[in-house]
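Undergrad: My questions will all concern the structure given below.
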Amino acid sequence: MENDIFQNELTFLKGVGENRANILKKELGIVTWGDLLYYFPYRYIDKSKYYSIAEINSDDIYVQVKGIVQGKELIGGGKNKRLIVYFADRTGRIELVFFKGLQWITNKLITGKEYVIFGKPSAFNGGYNFIHPEIEERAKYENEVSSVKYMPLYNTTEKMKNSYLNTKALAKITYSLLSEVANKIPETLPQYIIKQNNLLSLNRSLIEIHYPSSPENLSKAKLRLKFEELFFLQLGHFVEKLRRNEKSEGFVFSKIGKHFNSFYKNNLPFELTNAQKRVIKEIRNDMRTTHQMNRLLQGDVGSGKTLVALMSMLIAVDNGFQAALLAPTEILSQQHYNSICKFLKGMNLNVALLLGSVKGKARKNILSNLEDGSIDIIIGTHALLEDSVVFNKLGLAVIDEQHRFGVEQRSKMWGKNNDIPPHILVMTATPIPRTLAMTAYGDLEYSVIDELPPGRKPIQTIHLYDRDILKMYAFMHKQIQEGRQIYVVYPLINESEKLDIKDLMDGYESLAREFPLPKYQISIVHGQLKNEDKEFEMQRFVKGQTQIMVATTVIEVGVDVSNATVMIVENSERFGLSQLHQLRGRVGRGAEQSYCILRTKDNLSKEAAHRIDIMCSTNDGFVLAEEDLKMRGPGSISGTAQSGVLDLKIADIVKDEPIVRRCKEFAQAVLKNDPFLQHPDNELLLKYINKHHPITDFSKIS
Ligand code: ADP
Ligand code: MG
């Protein structure tokens, strides 16, 4: 783009040398002027108002206080060593507490001198104190950037603070950036959109978001920036969708044929749930138009997605095509393969399994049978994505547990045919609230199975503390005596973390003492085992040869052992809600009553206790997902952050739902009037689309 000031390097700014530029890049990923302009403050301090110490009555509000340092005291030792600074004004005295940089702060603060502190009070001993507040000499502070009424606060890292790049330093840099670019920031939205939605200009908004002139203008600036973010996100999705409908043809599956019907009549062991019926209909309707299907299917764990996948694949086969089912792990592929073979028993269909570990002649055979079309349904892992895997005529690709796959994998499957792409069904058990799904996967159609098969007993969830270990053992003995199997899961935050593995090994050893050989057998599975060993241990448990499975979260995804009725999650305070729910979904698959035991350390933070309480009070994955979103924000919904599906800087899909909706309607209306954005009024939109959604020829993706 011509002369785009957003692309300027930071070192062109006053106050930023090589050193600071490097730190900003490393710590925050900020490289250009544009990056810094879009690095928004998380809060503002009203500089026009000083709080008096007596006035402080909430730990919610950031305040600034003027006062005198009356004394300093170093207390505690070792890890508990801290510096207490006594800070007073005419109305009272308050403690400032520091755990780090003690020497530096001691030297910097002079007893008897006047300072301004700002920060968030912490409730303490029935009163308040400040932990690591920002501190300025009063005289200096009141002189500086005196025209600034609302002081921005930016998130900074420990490393940045150590290099004197604290929030105040950053604020100075953005201030000088804004004086460089003010009135030169180009508009990104067409004038008519700005007018009709009553938005501020981008130029004005970026100034106001860093240095607001009033609370009203700040909220207008936020609205404009959220609007822009959500509008372009959805416009992009709709353009992709339109292009698909215009350009890329899809196979037409006109009939429901003999395999589908014979399966439905003879093999289906139970009645489909209404939700399953509805979703199969939706898929069927997609696949008989001339457009390629791209559909997201959501359903809680155990809601019966596999069956929906299978019946959709049968439609493909009935219309003379092959179908593929892609799963994220070998264990899961194997299980899909087993259960699908069981479902299809007695039917004349060729189903194959391709794993990375299948080598040599066996592999060659599968590949050639795929290529000549004699395989109808193939199930497998990432191995299916390899270029050596060539289909005769792939009609439908089902991708299970989407969050383990990225968008690239989806397009890999698209490219498997030379001419027309296969229909794509993406399945996920991560319950994403509908609004989020519609926005995150807005380029996909959306189906949901919102009903569990009948006859399931709701899983009972129980919270036990570490000190309750005897209670837990007693419960385990009872369950094993009744012939049930038990999972014991340990968190693994990072596969390479030795500590985590040590937790697991310690736990395993205590269990082995409590449940000794030869009467009891215990499987153990973790990420540091070789795949074959993992597989072997898994299989022992699946076959009922072991009573207890001790594992890290490798078992999180999709395994199905209906005789396992107890899921014990150790250190469960370290898991998020979604993950706990996924783990819990491993049990409750058979007719027996199932239990989930969440073990935590004896002292829980307020937040962790809240999470555990919610888990104990509901089995509804969607309720939990909403709750998770509220507590953690959308960026952390598992998978969406990982695969970069949602990378929102300011908008919040949950809280800003009305803006999401407004932007959606607006984007749709724009495209309805001008599908190819050819009208001069839409020039800016076209520019955006060309830059962020260049046309790809999907038949060429390899
Ligand atoms: P998920 O959605 O987690 O992939 P599965 O497809 O593995 O769920 O289904 C869970 C279990 O429920 C399987 O054992 C499956 O055979 C069974 N199941 C699926 N649909 C029904 C139904 N309509 N009625 C009874 N059981 C069903
Ligand atoms: Mg599944």
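Residue numbers (the numbering used here): 49 to 750.
Even for Gly, the Cβ is constructed at its ideal location relative to N, Cα and C.
Predicted model, so just to flag it, every value in this text is computed and none were measured.
Look up Pro169 in the DSSP assignment and give the residues it is bridged to.
TA: DSSP lists Phe178 as partners of Pro169.
Undergrad: With 16 other CB atoms within 10 Å as the buried threshold, where does Ser620 fall?
TA: Result: buried.
Undergrad: What are the partner residues of Ser571, as DSSP defines its beta bridges?
TA: Met597, per the DSSP bridge assignment.
Undergrad: Below 8 Å on the Cβ atoms is my guess for Gln118 versus Thr159; work out the distance and round it to an integer in Å.
TA: Their Cβ separation, rounded to whole angstroms, is 7 Å, which keeps Gln118 and Thr159 in contact under 8 Å.
Undergrad: Can you list, in chain order, the stretches of the alpha helix (DSSP H) that have 4 or more residues and sit fully within the region 411-478?
TA: List check, alpha helix (DSSP H) in window: 455-462.
Undergrad: Three Cβ pairs or more, each shorter than 8 Å: is that satisfied between the region 279-286 and the region 308-322?
TA: Counting Cβ pairs under 8 Å, fewer than three are found: no touch.
Undergrad: Specify, as a first and last residue, the run of the alpha helix (DSSP H) that His307 falls within.
TA: 306-310 is the span of the alpha helix (DSSP H), which, as asked, contains His307.
Undergrad: Roughly how many angstroms separate the alpha carbons of Asp448 and Leu374, rounded to a whole number?
TA: Using only the alpha carbons, I get a separation of about 6 Å.
Undergrad: Cα separation between Glu50 and Asp729?
TA: Confidence in Glu50 is poor, its pLDDT being 41 and thus under 50, which makes the residue's placement unreliable; the coordinate value appears in the next sentence. Their backbone Cα atoms lie some 20 Å apart in a straight line.
Undergrad: Would you grab the beta carbon distance between Ile165 and Phe147 for me? Rounded to a whole angstrom, and I think it's under 8 Å.
TA: The Cβ separation is near 16 Å, so there is no contact.
Undergrad: Note the first and the last residue of the continuous beta strand (DSSP E) segment covering His511.
TA: Element bounds for His511: 508-513.
Undergrad: Quick one: is Lys313 near chain B, going by C-beta distance under 9 Å?
TA: As a matter of chain content, chain B is missing from the structure shown, which is built from one protein chain.
Undergrad: Please state whether DSSP places Ala372 in a helix, a strand or coil.
TA: Ala372: strand per DSSP, three-state reduction.
Undergrad: Starting from Leu344, trace the beta strand (DSSP E) in both directions and tell me its first and last residue.
TA: 342-347 is the extent of the beta strand (DSSP E) around Leu344.
Undergrad: Considering only their Cβ atoms, is the gap separating Glu618 from Asp551 smaller than 9 Å?
TA: Against a cut-off of 9 Å, the Cβ pair of Glu618 and Asp551 comes out as a contact.
Undergrad: Measure the beta-carbon distance from Phe301 to Arg326 and round it to whole angstroms, keeping in mind my assumption that it falls under 8 Å.
TA: The Cβ separation is near 18 Å, so there is no contact.
Undergrad: Do Ala477 and the ligand ADP come close, with the Cβ less than 8 Å from some heavy atom?
TA: Checking the Cβ of Ala477 against the ligand ADP gives yes.
Undergrad: With hydrogens ignored, establish whether the beta-carbon of Phe670 is closer than 8 Å to any heavy atom of the ligand ADP.
TA: No, since every heavy atom of the ligand ADP falls outside the 8 Å radius drawn around the Cβ of Phe670.
Undergrad: Buried or exposed: Ser394, going by 16 or more other Cβ atoms within 10 Å of its Cβ?
TA: The sequence as given places Gly at residue 394; Ser does not occur at that position. Looking at its Cβ environment, which holds fewer than 16 other Cβ atoms inside 10 Å, Gly394 is exposed.
Undergrad: Taking only the alpha-carbon atoms, compute the straight-line gap between Gly683 and Leu696 and give it to the nearest angstrom.
TA: For Gly683, the predicted structure reports a pLDDT of 46, less than 50, and the residue's modelled location is therefore unreliable. The matter cannot be settled from this model.
Undergrad: Starting from Ile616, trace the beta strand (DSSP E) both ways and give me its first and last residue.
TA: First-last of the beta strand (DSSP E) with Ile616: 612-617.
Undergrad: So Tyr643 is in the beta strand (DSSP E); what residue range does that whole segment cover?
TA: Its beta strand (DSSP E) spans residues 643-648.
Undergrad: Does the region 492-499 come close enough to the region 334-351 to have 3 or more Cβ pairs within less than 8 Å?
TA: In short, these stretches touch, since the Cβ pair count reaches three.
Undergrad: The beta strand (DSSP E) with Gly82 in it runs from where to where?
TA: Note, Gly82: premise wrong, no beta strand (DSSP E); alpha helix (DSSP H) at 81-85.
Undergrad: Could you tell me whether the region 381-391 touches the region 411-419, where touching means 3 or more Cβ pairs closer than 8 Å?
TA: No: the two stretches stay apart, fewer than three of their Cβ pairs being nearer than 8 Å.
Undergrad: Met597 and Val635 - do their beta-carbons sit closer together than 9 Å?
TA: No, the Cβ-Cβ distance between Val635 and Met597 is not below 9 Å.
Undergrad: Report all residues from its chain with a CB closer than 7 Å to the CB of Ile123; omit the five preceding and five following residues, and keep chain order.
TA: These residues qualify, in order along the chain: Arg130, Ile132.
Undergrad: Using only the alpha-carbon positions, how far apart do Lys95 and Pro260 sit?
TA: Rounded to the nearest angstrom, the two C-alpha atoms are 12 Å apart.
Undergrad: Between Gly82, Lys74, Lys313, which lies nearest to Leu61 when the distance is taken from Cα to Cα?
TA: It is Gly82.
Undergrad: Cβ of Glu28 versus every heavy atom of the ligand ADP: is any distance shorter than 8 Å?
TA: This structure cannot settle anything about residue 28, because the visible part of the chain is limited to 49 through 750.
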